[in-house]
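Q: Numbering (the numbering used here), first residue to last: 3 to 145.
One structure follows; several queries about it will come next.
The following block contains the structure:
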C-alpha cells in the first residue's frame with residue numbers, strides 16, 4: 003500500500019516519461035541478470051533451475067529497486083537535466099555509483115564479482131531508462 007501511495011505521489015511530481023522507464027528497468031534488468039545466472043548455474047553446476055525462485059527474487063529486487071529509484075534517482079535525474087553536463091554520461095555514472103553504494107552498505111560478506119556486477123547493473127538500468135525516455139513522446143509542453 004505504501005508503494006502504491008508513493009507511486010501516486012511521484013507520478014504527480016514526475017512525468018510518466020520518467021516513471022515508466024524506471025519501472026521497466028527495475029523489473030527487466032534483475033529478471034534478465036538472475037535468469038542468466040540461473041541458466042549458468044544449471045548448465046555449469048548441474049543444479050536445478052527453479053523459475054519460482056527466479057520470479058520471487060527478481061520481484062523483490064524490482065519492488066525495492068523501484069521505490070529506491072523513485073526516491074533517489076528520479077530527483078537526481080531532474081537535477082542532472084538542469085545542469086550543463088551531458089545527461090548520457092552523468093546519469094549512468096550516478097546510477098552506477100548509487101548501485102555500488104547500496105551493494106556495499108547491504109552486503110556483509112559479498113563475493114568479489116558482486117562489486118563489479120552492481121555498477122554494471124546500474125549502467126544497464128540507466129541506459130534502459132534513457133533509451134525508453136527517447137522513445138516515449140512528451141506529454142507536457144516544453145518550457
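Backbone N, C-alpha and C define an ideal beta-carbon position, used for all residues, glycine too.
1) Starting from residue 27, trace the alpha helix (DSSP H) in both directions and tell me its first and last residue.
2) Should residue 113 go down as buried or exposed, given a rule of 16 or more other Cβ atoms within 10 Å for buried?
3) For residue 76 and residue 85, I'd like the C-alpha separation in whole angstroms.
4) Would you say residue 122 touches the ligand HEM, meaning its beta carbon is less than 6 angstroms from a heavy atom?
5) Measure the CB-CB distance between residue 60 and residue 36 and report whether it falls below 7 angstroms.
6) Taking just the CA atoms, how far does residue 48 sit from residue 82?
7) Does residue 120 pass the burial test, meaning 16 or more other C-beta atoms within 10 Å, or should it be called exposed?
A: Well, looking at it:
1) 18 to 47
2) exposed
3) 15 angstroms
4) This structure does not include the ligand HEM; it has no bound ligands of any sort.
5) yes
6) 46 angstroms
7) buried
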